[in-house]
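The structure appears below as structure tokens.
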Amino acid sequence: MFIQLYKSLVRLILEYGHCVWQPYHKTLCSDIEDVQRRATRLLSNLKDKSYPERLRKLKLPTLEHRRLRGDMIEVFKYLHGYYDVGQPQLHLASSRELRGHSLKLRKDRYRLDFRANFFSHRVIDEWNNLTEEVVTAPTVNAFKSRLDKLWKNRPSMYEPECQIQVGYVGNFDGDTGQPHAFSNPPDATDDDCNDDDDDDDDDDDDDDDDDDDDDDDDDDDDDDDDFPFTLRVLQ
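Counting from 1, one number per residue, gives the positions in the sequence shown under the UniProt record's numbering.
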């Protein structure tokens, strides 16, 4: 009973339009996954088990796995004419690039790094790694069945990975096979920054400290001037 209610009342909302708002930051993935994590903990006979154990017992895939599966279904529909699209967003690879199945997609270069997580780019590697039997399924239901069979032992099935992350530009995520999926920047706490400032202050003369205080006052004035503008933007 729990599974039916959860799938129809909760998970349906969490997955609505996921191809458009797909979370790409590790924190966002974890926040969404926490909804299912807390829901499965409500079952008294499973609350003492770990999250992956609860999912295996309930045969309930992670939300991350479900979103990836949904992406593949949308690509299948797109390539098999289920959608009437104007400007093509996905392009088949040329014959000399076909080392896998016959419906491999071409991966174009892009100028801006955030495009790595656009639907038209993030699905390419996963789609190209599928088998010929899966991508040439005669119907959508047949595709789903074959895809589930192919991915039945995939780690993300019951263990959330939140692999695709975007932080600062320049780091490649080799674990995912996504050459332009970036990892989070190194953590830098305010205390660390303050420690560096304190060391610099100790080396300065008293006159320099006074000058720094004057500069800080000027910065505060500038911040005060900018603050109303920030409020208007947020509103």
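Glycine included, each C-beta is placed from N, C-alpha and C at the ideal position.
- Between Val75 and the set His65, Leu92, Thr62, Leu14, the nearest pair of CA atoms involves Leu92.
- DSSP places Leu130 outside both helix and strand once states are collapsed to three, so it counts as coil.
- The stretch 19 to 92 contains, as complete alpha helix (DSSP H) runs of 4+ residues, the segments 26 to 41, 51 to 58, 63 to 79 (chain order).
- Shown here for Ala137: same chain residues with a beta carbon closer than 6 Å to its own, the five before and five after excluded, namely Phe143, Arg146 in chain order.
- Residue burial is scored here from C-beta neighbours: Lys47 has fewer than 16 other C-beta atoms within 10 angstroms and is therefore classed as exposed.
- Where Arg146 is concerned, the enclosing alpha helix (DSSP H) starts and stops at 140 to 150.
- Secondary structure note for Leu5: its alpha helix (DSSP H) is the uninterrupted segment 2 to 6.
- When Cβ pairs closer than 8 Å are counted between the two stretches, the stretch 60 to 77 is seen to touch the stretch 2 to 19, the count reaching three or more.
- Our two residues, His80 and Thr139, have alpha carbons roughly 9 Å apart in a direct line.
- When secondary structure is reduced to three states using DSSP, Leu105 falls in the strand class.
- Assignment of Ser94 by DSSP, reduced to helix, strand and coil, places it in the coil class.
- Judged by DSSP in its simplified three-state form, Phe119 adopts helix.
- In this structure, DSSP gives Pro160 a state outside helix and strand, which the three-state scheme calls coil.
- Taking a cut-off of 8 Å on C-beta distances, the stretch 50 to 62 does not touch the stretch 118 to 128, as fewer than three cross pairs fall below it.
- Taking the C-beta atoms as reference points, Thr62 is found no nearer than 7 Å to Pro155.
- Asn117 is positioned such that its CB atom lies closer than 7 Å to that of Tyr24.
- In this structure Val135 does not touch Leu150 by the C-beta definition: roughly 10 Å separates them, more than the 8 Å allowed.
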